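**Student:** Here the protein sequences come in this chain order: G and Z.
According to numbering that gives the first Met the number 0, the first sequence is numbered sequentially starting from 0.
According to numbering that gives the first Met the number 0, the second sequence is numbered sequentially starting from 0.
Note that CB positions come from ideal geometry on N, CA and C, so glycine has one too.
Note that the structure is a prediction, hence the values are computed from the model and not measured.
2 protein chains.
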Amino acid sequence: MSSICRVFVLRMGHRPVRDHRVTAHVGLVARAFGADGIYLEEHVEESIIRTLRKVTEVWGGNFEVNTVYNPIGFIKSWKKLGGIVVHLTMYGINIAERPSLLTELRERCGSILVVVGGEKMPREVFDLADYNVAIGNQPHSEVAALAVFLDRFFEGRELVREFKGAKLKVIPSERGKIVKRVTENEA
Amino acid sequence: MSSICRVFVLRMGHRPVRDHRVTAHVGLVARAFGADGIYLEEHVEESIIRTLRKVTEVWGGNFEVNTVYNPIGFIKSWKKLGGIVVHLTMYGINIAERPSLLTELRERCGSILVVVGGEKMPREVFDLADYNVAIGNQPHSEVAALAVFLDRFFEGRELVREFKGAKLKVIPSERGKIVKRVTENEA
């Protein structure tokens with residue numbers, strides 16, 4: 000994989016209140032599974048943005064949280080700047096049926112924008128996307144689709160990476176809940 | 000993998016209203032990623048159960064949706080009957096650091112209960128579980144944890160499996176949204 004490969008997530012179709020937790024989960028998954036940042040729609044609840052920034056402050060890493068006013072316009076600019084757009088949708092090409100897709104993506108790389116949404120994505124997203132990718136062709140969840148896509152894209156390496164500057168760190172354990180406070184020297 | 004390997008999901012810690020969408024996503028993911036059924040707590044909204052049954056009716060498969068009154072008691076019975084309990088938690092053994100865990104699970108197999116919850120899982124679950132497994136040790140989402148666990152457990156085969164008796168089927172496409180109505184002869 001090219002060392003300059005950066006992955007961002009664009010979360011569309013957020014419905015205030017109803018999608019509060021799901022959008023927060025999309026953001027947490029983006030961070031935990033190795034994305035560099037997330038773009039949320041401007042109308043998302045402030046509390047989601049606060050949660051994501053707080054988690055990054057406590058658990059480390061350089062995860063960026065931003066909002067966009069016009070997601071379609073944003074996708075167009077991304078492409079104009081030479082970025083690649085991957086739209087995760089149950090109607091797309093099944094990732095399990097075309098593994099070459101990931102190899103191709105890793106080779107092209109540069110800046111990848113992974114677009115996820117709910118049921119009603121505008122037609123334009125399907126047209127603008129360089130790849131419409133299905134994590135299986137069954138209805139399920141944008142949270143799950145994003146996690147599995149990133150897990151396969153990064154080949155599992157994202158789950159063992161260090162999050163720089165973390166104040167808290169989990170010590171994996173068979174049966175306990177062990178959280179270590181990281182001192183400044185270690186961070 | 001033993002052919003009699005059955006996987007069920009137990010979703011704990013559901014908070015009405017607030018977790019409505021997340022619990023629905025946990026259920027949809029369980030089905031789409033190859034679990035045989037889900038156990039929900041008795042106090043979940045009726046509409047979640049209806050949605051999951053409706054999806055199974057339309058998109059196929061034999062996914063079972065049940066509720067339990069006492070999740071801890073249920074876990075104890077599961078173990079008494081010889082079933083294996085896997086608890087997904089960010090505090091557990093990182094699946095990416097111990098891949099042998101999946102091999103071991105596949106060999107033991109039989110009936111696996113995958114327990115997922117929110118932030119505040121009772122201590123007892125950690126003690127009762129045969130395996131406390133982390134999908135990475137960062138905070139993220141029970142929806143994502145379940146999806147990645149099942150994707151790795153079934154080695155991706157779950158994403159191409161047939162859902163018997165489906166009335167609708169997606170025809171994967173580069174750019175479209177193609178859904179085929181399945182006639183009774185084909186189903």
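Helix, strand or coil, according to DSSP, for Phe73 of chain G in the structure here?
**Tutor:** Counted from its first residue, the first sequence places residue 73 of chain G at position 74. Helix at Phe73 of chain G.
**Student:** Check the Cβ of Asp129 of chain G against every Cβ in chain Z and list those closer than 9 Å, keeping chain order.
**Tutor:** Walking along the first sequence from the start, residue 129 of chain G turns up at place 130. Within 9 Å Cβ-Cβ: nothing; Asp129 of chain G doesn't reach chain Z, min ~10 Å.
**Student:** Whose Cβ in chain Z lies nearer than 7 Å to the Cβ of Gly12 of chain G?
**Tutor:** Translated into positions along the first sequence, residue 12 of chain G becomes position 13. Neighbours of Gly12 of chain G on chain Z: none; closest Cβ ~12 Å, over 7 Å.
**Student:** Are there 16 or more other CB atoms within 10 angstroms of the CB of Asp126 of chain Z, so buried, or fewer, so exposed?
**Tutor:** Taking the first residue of the second sequence as 1, we reach residue 126 of chain Z at position 127. By the 10 Å Cβ count, Asp126 of chain Z comes out exposed.
**Student:** Please report how far the alpha carbon of Phe162 of chain G lies from the alpha carbon of Arg180 of chain G, in whole angstroms.
**Tutor:** The residue labelled residue 162 of chain G in the question sits at position 163 within the first sequence. The residue labelled residue 180 of chain G in the question sits at position 181 within the first sequence. Approximately 14 Å between the Cα atoms of the pair.
**Student:** Kindly indicate which residue of G:Glu63, G:Gly12, G:Glu41 has the alpha-carbon position closest to the one of Leu27 of chain G.
**Tutor:** For the purposes of this step, residue 27 of chain G is taken as residue 28 along the first sequence, with counting starting at 1. Out of G:Glu63, G:Gly12, G:Glu41, G:Glu63 has the C-alpha closest to the C-alpha of Leu27 of chain G.
**Student:** Measure the alpha-carbon distance for Val21 of chain G versus Val16 of chain Z and round it to whole angstroms.
**Tutor:** Against the first sequence, residue 21 of chain G aligns to sequence position 22. Against the second sequence, residue 16 of chain Z aligns to sequence position 17. Each residue's Cα considered, the two are about 13 Å apart.
**Student:** Check the C-beta distance from Arg110 of chain G over to Arg14 of chain G and give it rounded, since I have them as a contact under 8 Å.
**Tutor:** For the purposes of this step, residue 110 of chain G is identified with residue 111 of the first sequence, where counting begins at 1. For the purposes of this step, residue 14 of chain G is identified with residue 15 of the first sequence, where counting begins at 1. For the record, residue 110 of chain G in the displayed sequence is Ser; it is not Arg. Incorrect: roughly 28 Å between the Cβ atoms, too far for contact.
**Student:** Mind checking whether Val132 of chain G and Val84 of chain G have CB atoms under 7 Å apart?
**Tutor:** On the first sequence, residue 132 of chain G is found 133 positions in, with the first residue counted as 1. On the first sequence, residue 84 of chain G is found 85 positions in, with the first residue counted as 1. The answer is no: Cβ separation not under 7 Å.
**Student:** Verify whether the separation of the beta carbon atoms of Val67 of chain G and Ala34 of chain G is less than 7 Å.
**Tutor:** To locate residue 67 of chain G, count along the first sequence from 1; it is residue 68. To locate residue 34 of chain G, count along the first sequence from 1; it is residue 35. Against a cut-off of 7 Å, the Cβ pair of Ala34 of chain G and Val67 of chain G comes out as no contact.
**Student:** Does any residue of chain G bring its CB to less than 7 Å from the CB of Arg174 of chain Z?
**Tutor:** Your numbering for residue 174 of chain Z matches position 175 in the second sequence. Yes, Arg174 of chain Z counts as interfacial toward chain G.
**Student:** Using CA atoms only, rank isn't needed, just tell me which of Z:Leu167, Z:Glu106, Z:Asn69 is closest to Phe153 of chain Z.
**Tutor:** In the second sequence, the residue the question calls residue 153 of chain Z occupies position 154. Comparing Cα positions, the closest option is Z:Glu106.
**Student:** Under DSSP, the beta strand (DSSP E) around His86 of chain G begins and ends at which residues?
**Tutor:** The residue given as residue 86 of chain G occupies position 87 in the first sequence. Start and end: 83–93.
**Student:** Kindly indicate if chain G contains any beta-carbon less than 7 Å away from that of Arg49 of chain Z.
**Tutor:** Looking up residue 49 of chain Z in the second sequence gives position 50. Cβ-Cβ to chain G under 7 Å: no for Arg49 of chain Z.
**Student:** What runs of the beta strand (DSSP E), each 3 residues or longer, lie entirely inside the segment 8–55 of chain Z?
**Tutor:** Correct list: 36–40.
**Student:** Would you say Val25 of chain G and Arg49 of chain G are within 7 Å of each other, going by their C-beta atoms?
**Tutor:** Within the first sequence, numbered from 1, the residue matching residue 25 of chain G stands at position 26. Within the first sequence, numbered from 1, the residue matching residue 49 of chain G stands at position 50. Taking 7 Å as the Cβ cut-off, Val25 of chain G and Arg49 of chain G do not qualify as a contacting pair.
**Student:** Could you check what DSSP says for Arg107 of chain G in three-state terms: helix, strand or coil?
**Tutor:** Along the first sequence, read from residue 1 onward, the residue named residue 107 of chain G stands at position 108. Arg107 of chain G falls in the helix class under three-state DSSP.
**Student:** Between the beta-carbon of Leu194 of chain Z and the beta-carbon of Val54 of chain Z, is there less than 7 Å?
**Tutor:** Outside the shown range of chain Z (0 to 186) lies residue 194 of chain Z, about which nothing can therefore be said.
**Student:** Under the DSSP definition of a beta bridge, which residues are partnered with Glu63 of chain Z?
**Tutor:** For the purposes of this step, residue 63 of chain Z is taken as the residue at position 64 of the second sequence. Paired residues: Z:Gly36.
**Student:** Between which residues of its own chain and Ile177 of chain G is the CB-CB distance below 6 Å, once the five residues before and five after are set aside?
**Tutor:** Position 178 of the first sequence, counted from the start, is the residue given in the question as residue 177 of chain G. Ile170.
**Student:** Going by alpha carbons, who is nearest to Leu87 of chain Z out of Z:Gly117, Z:Ala165, Z:Gly164, Z:Glu96?
**Tutor:** Walking along the second sequence from the start, residue 87 of chain Z turns up at place 88. Checked all of Z:Gly117, Z:Ala165, Z:Gly164, Z:Glu96; the closest Cα to Leu87 of chain Z is Z:Gly117.
**Student:** Looking only at C-alpha atoms, which of Z:Met120, Z:Arg30, Z:Leu112, Z:Glu41 sits nearest to Met89 of chain Z?
**Tutor:** As a first step, residue 89 of chain Z is located in the second sequence; it is residue number 90 there, counting from the start. It is Z:Met120 whose Cα lies nearest to the Cα of Met89 of chain Z.
**Student:** Run the CB neighbour count on Gly91 of chain Z, radius 10 Å, all protein chains shown included, and call it buried at 16 or more, exposed below.
**Tutor:** Locating residue 91 of chain Z in the second sequence gives position 92, where the first residue counts as 1. That one is buried.
**Student:** Please confirm if Met0 of chain Z has its CB atom under 7 Å from at least one CB of chain G.
**Tutor:** Here residue 0 of chain Z corresponds to residue number 1 of the second sequence, with the count starting at 1. Since pLDDT at Met0 of chain Z reaches only 45, below the 50 mark, its modelled position is unreliable, and the value read off the structure follows with that caveat. Chain G, which has no Cβ nearer than 7 Å to the Cβ of Met0 of chain Z, makes this no.
**Student:** When we look at the beta-carbon of His42 of chain Z and count the other beta-carbons within 10 Å, is it buried (16 or more) or exposed?
**Tutor:** Here residue 42 of chain Z is taken as the residue at index 43 of the second sequence, counted from 1. With fewer than 16 Cβ atoms within 10 Å of its Cβ, His42 of chain Z is classed as exposed.
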